[in-house]
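For what it's worth, my numbering labels the leading residue of the sequence shown as 9, then goes sequentially.
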Amino acid sequence: MQTSSDRHEYPAHWEADVVLRDGGTARVRPITVDDADRLVSFYEQVSDESKYYRFFAPYPRLSAKDVHRFTHHDFVDRVGLAATIGGEFIATVRYDRIGTDGMPASAPADEAEVAFLVQDAHQGRGVASALLEHVAAVARERGIRRFAAEVLPANSKMIKVFTDAGYTQKRSFEDGVVRLEFDLEPTDRSLAVQYAREQRAEGRSVQRLLTPGSVAVIGTGRTPGGVGRNVLGNIRDAGFRGRLHAVNKALPEGQKEVDGVPAHRSVRDIDGPVDLAIVAVPAEHVPEAVEECGRHGVQGLVVLSAGYAESGPEGRERQRELVRHARAYGMRIIGPNAFGIINTSADVRLNASLAPQMPRPGRIGLFAQSGAIGIALLSRLHRRGGGVTGVSGVSTFVSSGNRADVSGNDVLQYWYDDPDTDVVLMYLESIGNPRKFTRLARRTAAAKPLVVVQGAGSAPQGHAVRATRLPHATVSALLRQAGVIRVETITELVDTGLLLARQPLPTGARVAILGNSESLGLLTYDACLSEGLRPLPPLDLTTAASPGDFHGALSRALADDACDAVVVTAIPAVGEGSAGDAALAEALRSAAEQVPGKPVLVVHVELGGLAEALSAAASTAPQVGSATSGTVVRSHPFRPLDRLATSGTGEVPAPRTGSRLIPAYPAAERAVRALSEVVRYAQWRRDAAEPGRVPEYEDIDEKGAASLIGGLLARGQGLTLGTEETCDLLGKYGVRVHRALSAATPDDAVRAADALGYPVALKATAPHLRHRADLGGVRLDLADEEQLRRAYAELTEMFGKPEELRPVVQGMAPRGVDTVVRAVIDPAAGAVLSFGLAGAASQLLGDMAHRLVPVTDREAGSLVRSIRTAPLLFGWRGSTPVDTPALEELLLRVSRLVDDHPEVVAITLEPVVVAQRGLSVLGASVRLAPPPARDDLGPRTLPAY
């Protein structure tokens, strides 16, 4: 590492793994004195043209002085970073702080010259762009606010790196050199560029795993059975379109095949590239397999092997080493302890999982961390009877196991613009990075539905999860704000997903109900009311209704402008069998296709044939007995009670594009619950199209607040502000707090009241009495000295000495509704703004609403209205409505304060009394702490190991 003469210790927190544009990974780290040989070797592999572009002259080799200069840094004024793969440099970047004269300088100079060099074999992979993000973050940390770079006009690639970054910049041309200067403060455009690059890179890294051209299964047993041998068979039987190889170092010397698949004793013996390796060897042999894969240039790994973090501390360290080892070679990992991956695309046909057969192709992307949950989801999606119909299949399936590397965030990046996926279903036992997940979920949900079951308990032992102080209910509320359809069970996950997969989004909450059972119709009506829908009176067609009657009634309901969705209820007719079921299914399907803009659901009771027929009516699956000569008919692993005919090639046809597939449910509650989730999601989509804006307020003193915060933090690492400091800071953002004067004695209370003016309030502020008017620690409307002294005596008699009560005197505020406003910086989720009514009842009910900061004007309005007790603000039962616009403005100002100053880690305003006109903040507390070195505005990184 660095010598003792260096001014700063080695900054280990600058080390990071990054995903490059092509989906591979590289390690970014500071350059040290130990890197001299690596630097020389790297430079020797750079072309003469690239060297010329870097030094503006022929520069065939580095001198000893150059090597010393480029490897000795103080990590403040001189910094060098390298991108490495396999421990070797593939690119470097350095900055040198300069003064106004362009000469080397130290702080407070805030400008630096920056220069890059990328090995020719790695140009075009986005290495320079990633390095620019990281060196810019380092520079900002060291007080540098602006970069300057001199580039030859012919070096168009490097000029593009700077100009495409999105920073505010200016360009000049002098003496044959282009000089670029740009501010390092993140802008909306630079963040948009960064997020877009992140999406492309991480999406591409998952695409490489799911669409390999060649696969090697490492750990293929010599005899039938075992994980490796079974997975090999699953890949082969699914009809994988690429090259498949079996690998087992224990194979006899002359054995060339296993089950008809080319066999090898090592990955390195395979002639040609290997894109994906499935690792199914004992954990102690995995490092050897990873090393061979890395040296052979394998792009990614699916590690099925167990014995990692799920097994305890020793396994956790083994898992960390696995990730470090794979990333050193630029490989990404699904697993360990994974169930596998599936891609049903006709161009891929990959079943690299423990599922014995491929699911039907379809438009649903499926993610599960647990293999057991994954197989349960696949089973439910493909079950034909006793539940929802198998109306849609799977595009891709990922079971991440311990998700040591590839996580749900990465797969979301892939599904966001995957043309084969229309709906995303995720079972998340834990969320490793809630802040990033909500950002990605918001963007994904704006394009395609995202349905999530989130585990409520502690994270599984194998998962690395950031600590969060937010309750589970708060995280769930934030997910809903981001457009996530949040459900509670895998049954609801499948119910909702199947409705979204082939039915349009409703334009409102008005639901028509029709069917041949009055009781079932009324049950559906009540369920709609319970879920907040607006049902129309049920239409009873009577038990004598024919398929034609259903067709006519459904056609009329869909044509009615007062209806947004239709629920059809059906009970079996006496004496009818499968023929009647098929006729009814065809009648419903043909009526639904006449008005394709409204969703249709079916609630059926003991009509297994109808569920089958609804699926068959739209040709989503072949029928038993339809096989032609040569067809193999065998039991489907996910539907043990029926049989699925396949084509002569063993493939299952995909659903017909554009067909109206009607989901059927065995219970009204399940159908209506799914519909209500879709209705809320559709409303979110409409609202998201116009998200509102973050208002600017002329009276906000952002610089004054920053100066005050800096001075306060100079006292220590974290502190809760005193009353005067709190009022001062909040006042700079236009939040006025009513003064409260200490009253240690009755005479102090009288003097305080004289200063404030009568009437006044006398309040105990001891922790056990604060904000607890129900305990009697508050006396209001004290009109004169006599009443004040009497109230003081009563309080001390009831609760103890003044030093225990900590009484204060405060001027009376206009009467209104007591509310509470909070903001907190959570280490995992980021900044969260919360609102609710003050008082024990709201606390017991957990009636608080939450939004991610920064909050827009529309979000502030929805925040106020989203609590269950919101009617108290709007004139409930004849009361006077209060000034909710003033309340919304207060929320926006608090949001701005927290967003502008990450050092403000907690704010509580309680109570905030909202009157008919205006509001009064009667209590406030603020906590400050130094901001984190890296936050969500920092450069792209993979989770550290």
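For every residue, glycine included, the Cβ atom is placed at its ideal position computed from N, Cα and C. The structure displayed is predicted, hence computed values, not measured ones.
{"Asked": "Less than 8 angstroms between C-beta atoms, sequence neighbours within five positions excluded: which residues of the same chain meet that for A713?", "Found": "L737, K740, Y741, L905, D908, H909"}
{"Asked": "According to the neighbour-count rule (16 or more other Cβ atoms, all chains shown, within 10 Å of its Cβ), is T231 buried or exposed?", "Found": "exposed"}
{"Asked": "Taking just the CA atoms, how far does R873 sit from G700?", "Found": "16 angstroms"}
{"Asked": "I'd like to check one pair, A120 with F83: are the Cβ atoms closer than 9 angstroms?", "Found": "no"}
{"Asked": "So what does DSSP say about D279, is it helix, strand or coil?", "Found": "coil"}
{"Asked": "Using 10 angstroms around the beta-carbon of H776, count the other beta-carbons present and answer buried if the total reaches 16, otherwise exposed.", "Found": "exposed"}
{"Asked": "Given a threshold of 16 other Cβ atoms within 10 Å of its Cβ, counted over all protein chains shown, does Q377 qualify as buried or as exposed?", "Found": "buried"}
{"Asked": "Just the Cα atoms here: how many angstroms apart are S353 and D426?", "Found": "12 angstroms"}
{"Asked": "Using the Cβ count rule (16 or more neighbours within 10 Å means buried), how would you classify H559?", "Found": "buried"}
{"Asked": "Given T482, which residues of its chain have a CB within under 6 angstroms of its CB, disregarding the five upstream and five downstream residues?", "Found": "H858"}
{"Asked": "Whose C-alpha, out of L330, A336, L436, A334, is nearest the C-alpha of G382?", "Found": "L436"}
{"Asked": "Determine which residues share a DSSP beta bridge with T404 and list them.", "Found": "N351, G373"}
{"Asked": "With distance defined between alpha-carbon atoms, name the residue in N163, Y203, G241 nearest to V185.", "Found": "N163"}
{"Asked": "Less than 6 angstroms between C-beta atoms, sequence neighbours within five positions excluded: which residues of the same chain meet that for A591?", "Found": "P555"}
{"Asked": "Decide if the segment 91-102 is in contact with the segment 33-53; the criterion is three or more beta carbon pairs, one per stretch, under 8 angstroms apart.", "Found": "yes"}
{"Asked": "DSSP three-state label for A952, please.", "Found": "coil"}
{"Asked": "So what's P754 in DSSP terms, helix, strand or just coil?", "Found": "helix"}
{"Asked": "Here's a check: name, in chain order, each residue in its chain whose Cβ is nearer than 6 angstroms to the Cβ of E677, leaving out the five neighbours to either side.", "Found": "A535"}
{"Asked": "Please report the residue range of the beta strand (DSSP E) in which E189 lies.", "Found": "185-191"}
{"Asked": "Using alpha carbons as the reference points, say which of E149, D74, P938 lies closest to V717.", "Found": "Residue identity differs from the one stated: residue 717 is Ile in this sequence, not Val. When each option's Cα is compared against that of I717, the closest is P938."}
{"Asked": "Quick one: what does DSSP say Y67 is sitting in, helix, strand or coil?", "Found": "coil"}
{"Asked": "In whole angstroms, what is the alpha-carbon distance linking A380 and E539?", "Found": "31 angstroms"}
{"Asked": "Taking the C-alpha atoms as reference points, what is the distance between D709 and V743?", "Found": "12 angstroms"}
{"Asked": "Would you list the residues sitting across from D548 in a DSSP beta bridge?", "Found": "G523"}
{"Asked": "Between the segment 180-200 and the segment 250-270, do three or more beta carbon pairs fall short of 8 angstroms?", "Found": "no"}
{"Asked": "Counting C-beta neighbours from all protein chains within 10 Å, is the total for L871 16 or more, i.e. buried, or is it exposed?", "Found": "buried"}
{"Asked": "Is the segment 778-797 touching the segment 723-734, taking contact as three or more C-beta pairs under 8 angstroms?", "Found": "no"}
{"Asked": "Under the assumption that G491 contacts A449 (Cβ atoms under 8 angstroms), give the Cβ distance between them as a whole number of angstroms.", "Found": "6 angstroms"}
{"Asked": "Can you tell me which of the three DSSP states Q499 falls into?", "Found": "Looking at the sequence shown, residue 499 is not Gln but Thr. Note: T499 maps to helix in three-state DSSP."}
{"Asked": "Which partner residues of R494 appear in the DSSP bridge assignment?", "Found": "V460"}
{"Asked": "So the candidates are D568, A129, Y103; which of them puts its Cα closest to the Cα of A123?", "Found": "Y103"}
{"Asked": "Output the residue ranges of the alpha helix (DSSP H) runs that lie fully inside the segment 831-861 and measure 4 residues or longer, sorted by chain position.", "Found": "848-853"}
{"Asked": "Which first and last residues belong to the beta strand (DSSP E) in which K178 is found?", "Found": "177-182"}
{"Asked": "Alpha carbon to alpha carbon, what distance is there between T404 and L217?", "Found": "11 angstroms"}
{"Asked": "Among the candidates E149, G250, E896, whose CA atom is the shortest distance from the CA of P703?", "Found": "E896"}
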